[in-house]
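Let me begin by presenting the structure, written as C-alpha cells, before commenting on it.
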Amino acid sequence: MIPPEAAPSYKGISTRVIAGLTANGETRPFLVDDAGLPILGAFSIFGEPTLLAQNNGDAVWARGNQANSSFQKSPTGWLANLHGGPQTGDDFAAVVVPVNEMLVTDFDTAKWTYLMSAAETFGVNIVIWVHDPTDFDKRAEITQIGNHADLEKGAGWNAFEFDEDTAGMFYFGENVSGSGITAGVQTTWSAFQADVIFKTWKIYRITIEYGWEASGTFDDVWVADIILNGTQLQLRPDSGGTGRIGRRNFTVASGDLTGTLAPKTPYRLLAVDLHVTATPNAGEDFTITKDAFQGTLYDTVIFSSDLGALSLT
C-alpha cells in the first residue's frame, strides 16, 4: 500500500489522490485511490501497450483460442498476435510500452511468454529505448539480439526471464559519445547499467519485438504475458485503435495454395486480393471458407469461383 498525500483531488477527480514514489532521490507522481491503492491503468511508470508493425510484418489483438492453446495464458484473455512475414532485414511486429522516464539503473527484470506456431531462427526479444534526460538529441535503442542462444525459439509456448545478467545486448543510437560500450558489440544489461554514460540515461519506451531477420518467413506468434520490474501489463485492445485490422500474405510457386487466419475470432474479412502469374485452367478454384470448428458440414463457404472458366488473370 502507498500512503496517499494530503491532496484532496487530481484534475477534478475528488476520489483520487497523488502519492509520491521515490526512486534514486526523485519523487514521481503515482495515482492512487482514497485507500492509497494504485489505480489500475494509471500511467505511473509503464503506459498502455499498443501494437506496431512495418513492411511485411503485421500485429493484431487476438482473443485466446482453444484451437492453438493460446487461451492457456494472459491475465486478460487477450494476446498480441505478431506476424513477421517474409523477412528481408527490416520486417517486424512489436508490442510498444511507453515508459515514464525510468533510469537505466532502475530497470532490473522483465518476463514475457509467447506461443510460436513454428520454430524460427529468432525468438521474441526485448528492445529498451533510452535517451539523455538533459539532451534529447542523444538517444539509443538497446536490443537483445533475436537469435541469441538463451532466447527460446521453438514451436509451442516459450518464455524469457530478463535480468541484469542477460547477454546478447547491443546498441545503436545518435550522438552517443563517451560510453565505454562500442555500438553494435554484444554485452550484458548490467554493463549498460554500469556504463559512465548509459547509467545516467532514462528509458522512454520498451518494445517486445519479432522479426528483423535477413531471410525466411516468420509465422505467427502470440505474446500472452509481459511483466516489467514486477508490474504485470494488461494486454488488450488499446484506446488508440492499433491492431484492429490484420493483414496476411500467402504465396506458392506452383500447385495448390492454402492459407489460414488463426485464431479466427478477432478477424473480420474486409478485402482479399488474388494475384496469379499465368492464366488459370478450368477447374482451378478460388475459395474462401469460414471454419465452424464443428466438422466440415458446418463450415461456411463465403466465396468460390472457377478462375479458369472466368478466364481471370
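Reminder that position 306 of the sequence shown reads as 335 in our numbering, one-by-one numbering, no gaps.
Idealized CB from N, CA, C, for every residue including glycine.
Small disclaimer: the values here were computed from a predicted structure and weren't measured.
Comparing C-alpha distances from I317 to each of D328, G106, A196 and A307 shows the shortest one belongs to D328. The DSSP-derived three-state label of T260 is strand.
A contact between stretches requires three or more CB pairs, one per stretch, nearer than 8 angstroms, and the stretch 226-239 meets this requirement with the stretch 161-180.
Q101 sits in a helix when the DSSP states are folded into three classes.
8 angstroms or more divides the Cβ of A184 from the Cβ of Q215. Per the C-alpha coordinates, the member of A338, R234 and A243 positioned closest to F151 is A243. Under the Cβ criterion (8 angstroms, minimum of three pairs), the stretch 85-105 counts as touching the stretch 244-258. Per DSSP, Q215 lies in no alpha helix (DSSP H) segment and is marked neither H nor E.
Between the stretch 265-276 and the stretch 80-92 there are three or more inter-stretch CB-CB distances shorter than 8 angstroms, so the stretches are counted as touching. Note that the C-beta distance between V126 and R273 is not below 8 angstroms.
Residue state for T150 is assigned as coil, using DSSP reduced to three classes. In terms of Cα proximity to S103, the closest of F199, L290 and W186 is W186. Our two residues, V156 and T287, have alpha carbons roughly 34 angstroms apart in a direct line. One thing to note: G207 has its Cβ no nearer than 8 angstroms to the Cβ of A169. Scanning A147, D166, D194 and N204 for the CA closest to the CA of K182 turns up A147. Closest option to I74, judged by alpha-carbon separation, among G175, T260 and A122: T260. The Cβ atoms of Y200 and I171 lie closer than 8 angstroms to each other. For H112, the uninterrupted beta strand (DSSP E) run begins and ends at W107 to P115, by DSSP. In terms of Cβ geometry, A123 and E238 form a close pair [threshold 8 angstroms]. By the 16-neighbour rule on beta-carbons within 10 angstroms, T271 is buried. DSSP places P127 in the uninterrupted beta strand (DSSP E) bounded by F121 to L132.
Here V156 is bridged, per DSSP, to T172 and T236. With fewer than 16 other beta carbons inside 10 angstroms of its own, G245 counts as exposed. Distance check between R92 and each of G86, L108, N85 and N84 places L108 closest, using alpha-carbon atoms only.
Taking each of L262, V205 and E149 in turn and checking the Cα distance to N176, the smallest one comes out for E149. The DSSP-derived three-state label of D320 is coil.
At a Cβ-Cβ threshold of 8 angstroms, G113 and G86 count as neighbours. Less than 8 angstroms divides the Cβ of G209 from the Cβ of D224. In this structure, the beta-carbon distance from D137 to N84 does not fall below 8 angstroms. Closest in C-alpha terms to A178, from the list Y143, G213 and M198, comes M198.
Contact between I255 and W141 holds: CB atoms are separated by about 5 angstroms, below the 8 angstroms threshold. Given a length threshold of 3 residues, each whole run of the beta strand (DSSP E) inside the stretch 172-203 is given here in chain order: 185-191 and 198-203.
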